[in-house]
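Chemist: FYI, in our numbering the residues of the sequence shown are 1 to 187. I am attaching a structure below and will ask some questions about it afterwards.
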Amino acid sequence: EGLRDPNRRIAWRDLPDPACEIARPLDHVARTVPPTLGELIEQQVQRLDAQGQRVLETASLVGREFAAAMVADALELPVTAVEELCEQLARQGSMLASAPVATLPDGTPLPRYRFTHALYPEVLARRVPDARRLRTHARLAAWLERAHAADPDAVAAACAHHHEHAHEWPEAIASLRRAAAEEVRRC
């Protein structure tokens, strides 16, 4: 009977298992749940401080997986600060998880993280204003080129992506040509 009236408080003790009780009317619960996953993600992100939000927004421009060092460079932050934030979020398990550590061509280990759901980078990327998005993609491409200077063909496709989104057309075309040549060599 209480399940039919959303404003009536329902005590589970009236049911076979008295261990739980709904403390609020069901209509209150319906009003507090965001209607879309995007809004839920937005609420999670807004709970972070400004720097945490910027880190995740920048990471979203890299993709579903990202290197903390790449994001730190794009934001001109210490790598340790970005790694600590990402580790904290990974321990919480809602937005980020640890990804396998990569190794740069010079042997440097590269801690990586991944968004726990594909909607996170999509929602976060929409928050980035156009001017900042252009600058950030340019910085991400530059970091990839520096970090992989010993083997630029290995990251040519990723560089092309970032140059394209930075509207750096000559660099995007050059990177696309290197990526295509690398694919031909692999075949």
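Using N, Cα and C, we set each Cβ at its ideal position, and we do this for glycine too.
1) Considering only residues of the same chain and omitting the five flanking positions on each side of HIS163, which have a CB-CB separation below 7 Å?
2) Evaluate the contact criterion for the stretch 142-158 versus the stretch 98-114: three or more CB pairs, one atom per stretch, below 8 Å.
3) Closest to ARG135 by C-alpha separation, out of LEU61, GLN46 and GLN43, would be which residue?
4) Would you kindly work out how many angstroms separate the C-alpha atoms of PHE66 and ARG112, rounded to a whole number?
5) Considering PRO170, what are the terminal residues of the alpha helix (DSSP H) in which it resides?
6) Let me check one thing: in DSSP terms, what residues is PRO109 bridge-paired to?
7) So, helix, strand or coil for LEU77, using DSSP?
8) Mind checking whether GLY272 and VAL101 have CB atoms under 9 Å apart?
9) With distance defined between alpha-carbon atoms, name the residue in ALA157, GLU168 and ALA166 nearest to ARG177.
Modeler: Put simply:
1) ALA141, GLU171, ALA172 and SER175
2) yes
3) LEU61
4) 6 Å
5) 169-186
6) THR103
7) coil
8) The chain is shown from 1 up to 187; residue 272 falls before or after that span and cannot be answered.
9) Taking only the C-alpha atoms, the option nearest ARG177 is ALA157.
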